[in-house]
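Notes to accompany the following structure.
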Amino acid sequence: TALVMGVIYAGFTAWRYREMRHLSVYLSRVYSGGKPLDIRDNREGELSMLKNDLYKITCVLERQAEQLYADKDYLAQSLANISHQLKTPLTGLFVMNDLLRDEKLPLAKRREFLNSSSEQLERIEWLVTSLLTLSRIDADVITFKRETISIDQLLAKAAEPLAVPMEAEDIALSVDCPQDIQWQGDFSWTAEAVTNVLKNAAEHSPAGSTITVRVAENPLHTEIIVTDEGIGIAEEDLPFLFQRFYKGKQAQPGSVGIGLALAKTILQSQNGDIFASNAPEGGARFIIKLYKQTV
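What follows is the structure, given as structure tokens:
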């Protein structure tokens, strides 16, 4: 009996050591960058439990590694896009600065170059400010207030910075908003998001056209619908319209591709969202939904 028990124990011990070596080789392969294999089994015992736990851990590590690679690639693309967006206005500023050094430059040209320089500097300032805002939101360092917002006052605040440019381009703004509609959110940040949407609509509206803003409410959300009378959005651009640095076929020459992305990020950070489509009667349509409960 002792001999039989000794043989069984020796065989069991050899089997355990063989399985442990297999696990060691498996972990070495994963550590070297290999894909984790499915080593789970349905047997009972401590070794089977160890296999299952190791498989779960390696799968989690693999997902984390993939996310890190994706974040690294996204960062590289973002830096390339930022560099490209800053390069154009900076190059123009260097050229105009060299021209302004010419003492014989006529006064009219000097004023023209100074105005152009101011426009380029404003573009750089807006780009840097928007990127910093996006970074702060991504890092979750911005605290959005929860205050009662009157939607008609919100729209008035959002349209305020665009009054002069729209008047210069002969673009009218028509707002249909009941005065009693309210929402809980951050007034300033939400106004900035809506301003970016209105600015996009104004940039794609022809002279003499009207941008229509209509507000509706239901038990789930408050809806702000912005419609312009432009040529609309290309169907292939619709899925990517709110991606950072994405510029569609109808994008303006000076477009950066940040405004709509910033608007969506601000809205999603405080229980809202935005969607884009083409209006049946023509033109682009943006639907902002401000939800009343967390979704």
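My numbering applies: residue 316 is where the sequence shown begins, and numbers increase by one. Beta carbons: idealized from backbone N, C-alpha and C, even for Gly. Since we're looking at a predicted model, the values are computed, not measured.
Between residue i and residue j, how many whole angstroms is the CB-CB distance? I'm expecting something under 8 Å.
i	j	result
I581	W498	With a Cβ gap of about 14 Å, I581 and W498 do not count as contacting.
A517	I546	About 14 Å separates the two Cβ atoms, so there is no contact after all.
I439	P476	At roughly 18 Å, the Cβ-Cβ gap does not stay under 8 Å, so I439 and P476 are not in contact.
L338	K366	7 Å
A599	H519	6 Å
F459	D501	4 Å
Q379	G407	Not really, about 43 Å apart at Cβ, beyond 8 Å.
A411	S445	The question names Ala, but residue 411 in the sequence shown is Met. Not a contact, Cβ separation roughly 24 Å.
For residue i, which residues in the same chain have their Cβ closer than 8 Å to its Cβ, ignoring the five residues on either side in sequence?
i	result
R451	I457
L369	L338, Y341, L342 and I354
V610	Per-residue confidence for V610 stands at a pLDDT of 48, beneath the threshold of 50, marking its modelled position as unreliable; the derived number appears in the next sentence. Once the five neighbours on either side are set aside, the close Cβ partners of V610 are N586.
Got a sec? Which residues, its chain only, sit under 7 Å from residue i by beta carbon, not counting five neighbours each side?
i	result
T448	L577
N583	The question names Asn, but residue 583 in the sequence shown is Gln. Around Q583: no qualifying Cβ.
K607	L535 and H536
A474	L488 and L513
I564	It should be noted that the sequence gives Lys, not Ile, for residue 564. Once the five neighbours on either side are set aside, the close Cβ partners of K564 are A549 and D552.
R529	D491 and I540
N515	G574 and L575
N533	none
Which residue from the options puts its Cα closest to that of residue i?
i	options	result
E544	L470, G597, K579 and V571	G597
A531	K424, A478, V541 and Y332	V541
I466	H536, L553 and E334	H536
V443	L401, E381, M335 and G563	L401
A591	I548, Y341, G572 and S524	I548
E462	F327, E334, Y332 and Q585	Q585
T525	V490, C374, E427 and E434	V490
K579	T510, A471, L376 and F409	T510
A508	L469, L415 and R425	L469
Q494	A471, M481, P480 and A506	A471
I496	D455, A478, P480 and E538	E538
D386	A329, F601, D453 and I464	D453
S363	M335, A423 and L429	M335
Pull the bridge partners of residue i from the DSSP assignment, please.
i	result
V541	V528 and F601
I464	W498
Y613	Limits of the chain in this structure are 316 at one end and 610 at the other, which puts residue 613 out of reach.
I397	Note: I397 sits in no beta bridge, so no partner.
A591	F601
Between which two residues does the beta strand (DSSP E) harbouring residue i extend?
i	result
V490	A487 to D491
G280	The displayed coordinates of the chain run from 316 to 610. Any statement about residue 280 would go beyond what the structure contains.
Less than 6 Å between C-beta atoms, sequence neighbours within five positions excluded: which residues of the same chain meet that for residue i?
i	result
V340	none
E484	A522
F557	L575, A576 and K579
M481	A517
In the DSSP assignment, the alpha helix (DSSP H) including residue i goes from what residue to what residue?
i	result
K424	L422 to D453
V479	A478 to A483
Compare the C-beta of residue i with all C-beta atoms of chain C and state if any pair is closer than 8 Å.
i	result
I546	Judged by its chain identifiers, the structure shown contains no chain C, having just a single protein chain.
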